[in-house]
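One structure below.
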Amino acid sequence: MKQYIIPQKPAGESLDWSRIPALSISEVAWNKPAEGIEAWAQLCYDSENLYVKLSAKEAHVISNRTEPLDFPNFDSCLEFFLSPVDGDGRYFNFECNPNALIFQGLGHNVQDLVRFIPLFPNIHPEVARTEDGWFVTYAITLAYITEFFPGFRFCSGTVMHGNFYKCGDDCPVPHYYSWNPMTIETPCFHYPPDFGTLVLA
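Counting in my numbering, the sequence shown runs from 1 upward without gaps.
Printed below as a string of structure tokens:
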């Protein structure tokens, strides 16, 4: 599995994404390629937050879903699945469309996944369009994670697991991409054995 080293945000400095290494969300899942689509992810952290930026290049950005409990994966969608505690088995999933509609959940798999009401716990995605696509940024707070994983801390050497995805079920060309390759035969991103390793520097 792939590994990404998450840099620490220097204390007292503003967040500069141009200095954060990017990983490529480029593994074609279930033979669903779509010409002209590229996606990547960037992460960094401090003692209180894990900062996330997901970006996509795509000619046809679809953003029809707006209701709080709708499903962003039918639109142009960027997703981050995070298992913060090595060996626990549970993971958060964050799925966002270009309207900043976010799906938040926690579980061991898609069968026992619990979806959170969007207003609690609070994740506030900020979305912007670019000339050739869009991106979303948000922060996952320590307080958010410790509601469910009480002993967790953001500190150097912490090993987490996760995966990043780009999809669009109702896009002109439906597509499914991941950072780590998907080995499950049934189309489903909710498969922790395919998560890569995320290490806090």
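C-beta atoms are modelled at their ideal positions from N, C-alpha and C, and glycine is treated no differently.
Backbone CA spacing between residue i and residue j [nearest angstrom]
i, j, result
"residue 112", "residue 198", "24 Å"
"residue 169", "residue 53", "22 Å"
"residue 107", "residue 184", "18 Å"
"residue 21", "residue 34", "25 Å"
"residue 46", "residue 10", "8 Å"
"residue 17", "residue 84", "22 Å"
"residue 177", "residue 32", "8 Å"
Residue i - partner residues in DSSP beta bridges
i, result
"residue 186", "Per DSSP, none; premise fails for residue 186."
"residue 49", "141"
"residue 175", "168"
"residue 160", "198"
"residue 93", "81 and 105"
Beta-carbon spacing of residue i, residue j below 8 Å
i, j, result
"residue 43", "residue 136", "no"
"residue 164", "residue 80", "yes"
"residue 56", "residue 133", "yes"
"residue 125", "residue 143", "no"
"residue 62", "residue 166", "no"
"residue 71", "residue 103", "yes"
"residue 1", "residue 82", "no"
"residue 190", "residue 110", "yes"
"residue 117", "residue 140", "no"
The ligand COA heavy atom lying under 7 Å from the CB of residue i
i, result
"residue 112", "For the ligand COA, the structure offers nothing, since it holds no ligand at all."
Cutoff 7 Å; reference residue i; Cβ partners in own chain excluding five residues on either side
i, result
"residue 201", "5, 6, 7, 8 and 156"
Contact set for residue i: own chain, Cβ-Cβ below 6 Å, skip 5 residues either direction
i, result
"residue 158", "200"
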